[in-house]
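Novice: Below is the structure I would like to discuss, written out as structure tokens.
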Amino acid sequence: MIIAPKIKGFLCTTAHPGGCAADVNAQIKQVERGGAIANVPQRVLVIGASGGYGLATRIASAFGGKAETIGLFFERPAQKGRTASPGWYKSAAFTEAAHARGLYAKNFNGDAFSQSMKDAVIDCIEKDWGQVDLVVYSLAAPGRTLPSGETVRSTLKPIGEPFSGATIDFNSRELRSIALEPASDDEIAATVKVMGGEDWEDWMQQLLNRGCLAEGALTTNYTYLGSEVTWPIYYHGTIGRAKEDLDRAAAALATILSPVNGRADVVVMKGLLTQAASAIPGMSVYLSLLFKAMKAAGTHEGCLEQVERLFRSQLFSENQRRDDAGRIRMDDWELAPEIQAMVKANWGKVSQENLDSLTDFEGYRAAFLNLHGFDIPGVDYELEQDPEVEMSLEPI
Ligand code: NAD
């Protein structure tokens with residue numbers, strides 16, 4: 133079939149297998165062009181490995197560091213004429229490329245919060261590796277089913293005060309006002325349950341209990357702080373509360389990991405358009421302004437460039453650049469005073485008429501299409517595609 137983008141709101145309901153594979157292969161080439169990355173731990177588990185920062189981490193580990201990787205994700209295969217989710221196609225392409233280079237790569241598809249998934253992944257680590265050296269927790273999930281069977285959902289809402297802002301419709305390019313009421317206490321607590329640090333701690337504790345953490349094991353969790361203009365909806369909102377909980381979890385993990393002299397890091401990454409970020413109200417205006425400013429300054433990075441810089445200059449070095457809370461900062465270029473000055477100067481001025489001159493909405497829109505395998509250079513979108521792409525998955 134010929135596959136074209138079908139966009140509804142902030143969702144694209146189709147994905148292009150050839151485009152997703154081309155995107156992954158381009159990222160692999162880019163890492164390889166940069167040369168070997170030193171000191172990459174050799175047995176790496178990525179939880180949330182099929183998109184955005186997690187996929188970039190898996191690519192940098194395997195193709196920059198020659199590491200063996202286990203990737204865990206929650207993706208949908210093609211069904212009844214419907215394409216698979218982009219993360220399915222991207223993980224299949226990653227696995228094919230890793231195996232072609234003789235690199236160990238195993239995949240688990242399902243719910244990372246569930247005990248059955250933890251058991252299956254840890255069994256695999258025990259059997260294949262004995263121990264794991266690096267665990268990257270890069271999950272962005274809309275909900276979590278608790279051991280009791282109850283499912284809690286995360287919300288993207290302000291806390292304390294209503295939020296009003298604007299969003300841009302991908303299809304019509306229309307700028308629309310949005311207004312959100314503050315979250316209830318239950319909504320805040322549920323968001324912390326889903327996106328906070330509890331499940332990260334649980335994974336690490338279970339790996340330790342099973343004797344599966346190597347001496348000096350590292351673990352990371354990605355967070356976002358962002359610009360003051362987005363604080364009302366992000367940092368001071370429900371998701372920010374969950375991200376605050378990561379700092380608590382990292383401190384708790386320092387104690388949990390002490391028997392193996394392990395280290396837990398919260399790493400602050402820059403704002404980028406990923407599947408998860410596309411759902412955040414009002415982020416489209418901020419990211420369109422940010423892309424414009426950073427591209428003009430020559431400092432724009434995608435997920436892969438961020439992770440490469442983290443790997444090459446921070447995570448495996450003797451000393452890291454940390455803030456007062458002990459977090460490693462990779463958002464330094466996003467928060468550079470001259471970049472933020474440009475964003476802030478234009479923040480209140482964006483209108484339908486000046487969208488293309490004041491912002492990089494075109495770049496933002498292209499990034500959204502790229503996420504789903506569309507608009508990738510060198511891909512012929514007139515060619516027939518088979519939406520059913522096989523991927524080797526481990527039993528759960
Ligand atoms: P993403 O949507 O691209 O990837 C999310 C991953 O989580 C995918 O692999 C998906 O399959 C997996 N996943 C979701 N629910 C799951 C479940 N129940 N079980 C197993 N896997 C599941 O998201 P992203 O933007 O790369 O986010 C990853 C992390 O990076 C998040 O913690 C996010 O807050 C953080 N971060 C993102 C940005 C940004 O701008 N995108 C900036 C800084 C930090």
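Note that the sequence shown ends on residue 528 in the working numbering; no numbers are left out.
We put the CB at the ideal spot given by N, CA and C, even for glycine.
Here the structure is a predicted model, which means the values were calculated and not measured.
Note down the Cα distance separating G297 from S309, rounded to an integer number of angstroms.
Specialist: So the two alpha carbons sit approximately 6 Å from each other.
Novice: In its own chain, which residues sit with a C-beta less than 6 Å from the C-beta of K375, not counting the 5 before and 5 after it?
Specialist: Cβ within range, chain order: T355.
Novice: Name the residue from E522, T431, L490 and R214 whose alpha carbon lies nearest to the alpha carbon of E466.
Specialist: Closest by alpha carbon: T431.
Novice: So, are the CB atoms of A131 and V521 less than 9 Å apart?
Specialist: No answer is possible for residue 131: it lies beyond the span of the chain, which begins at 133 and ends at 528.
Novice: So, with DSSP's three-state summary, where would you put A232?
Specialist: Correct three-state label for A232: helix.
Novice: Which residues have a Cβ closer than 6 Å to any heavy atom of ligand 1, listed in chain order?
Specialist: Any residue whose Cβ sits closer than 6 Å to a heavy atom of ligand 1 makes the list: G180, A181, S182, G183, G184, Y185, G186, L204, F205, F206, E207, G219, D243, A244, F245, S270, L271, A272, A273, Y354, T355, Y356, M401, G403, L404, T406, Q407, A408 and A409.
Novice: Which of the three DSSP states, helix, strand or coil, is assigned to G141?
Specialist: In the structure shown, G141 sits in coil (DSSP, three-state: anything other than H, G, I, E or B).
Novice: Hey, does T283 have any beta-carbon neighbour from chain B nearer than 9 Å?
Specialist: Any reference to chain B falls outside this structure, which holds one protein chain only.
Novice: Enumerate in chain order the residues of its own chain whose CB-to-CB distance from L278 is below 7 Å, with the five nearest sequence positions on each side excluded.
Specialist: For L278, where only same-chain residues beyond five positions count, the Cβ hits under 7 Å are V284.
Novice: Does the separation of the CB atoms of A154 and G505 fall below 9 Å?
Specialist: Yes, the pair counts as a contact, with Cβ atoms nearer than the cut-off.
Novice: How big is the Cα-Cα spacing for V253 and L340?
Specialist: The straight-line gap from Cα to Cα measures roughly 13 Å.
Novice: Between the C-alpha atoms of T323 and S445, what's the straight-line distance to the nearest angstrom?
Specialist: For T323 and S445, the distance between alpha carbons rounds to 32 Å.
Novice: Between which two residues does the beta strand (DSSP E) carrying Y418 extend?
Specialist: Premise fails: Y418 lies in the alpha helix (DSSP H), M415 to A429, not in any beta strand (DSSP E).
Novice: From what residue to what residue does the beta strand (DSSP E) around N239 run?
Specialist: It spans A237 to N241 - the beta strand (DSSP E) in which N239 sits, taken as one unbroken run.
Novice: By Cβ distance below 8 Å, which residues in the same chain neighbour I412 in space, the five residues on each side in sequence not counted?
Specialist: Cβ neighbours of I412 beyond the five flanking positions: L288, I365, Y366 and I371.
Novice: For E200, write down the residues that DSSP places opposite it in a beta bridge.
Specialist: Answer by DSSP bridge pairing, in chain order: R175.
Novice: Span of the beta strand (DSSP E) holding Y354?
Specialist: Where Y354 is concerned, the enclosing beta strand (DSSP E) stretches over L345 to T355.
Novice: Under DSSP, the beta strand (DSSP E) around D265 begins and ends at which residues?
Specialist: Taken as a continuous stretch (DSSP letters only), the beta strand (DSSP E) holding D265 covers V264 to Y269.
Novice: Quick one: what does DSSP say S193 is sitting in, helix, strand or coil?
Specialist: Of the three classes helix, strand and coil, the one that applies to S193 here is helix, per DSSP.
Novice: Smallest Cα separation from I460: which of Q438, V511, L204 and L447?
Specialist: Of the listed residues, the one whose Cα sits closest to I460 is L447.
Novice: Taking the continuous beta strand (DSSP E) assigned at T146, which residues delimit it?
Specialist: Counting along the chain, T146 falls outside any beta strand (DSSP E), and DSSP gives it neither H nor E.
Novice: Taking the straight line between their C-alpha atoms, what separation do you get for L487 and V417?
Specialist: About 9 Å.
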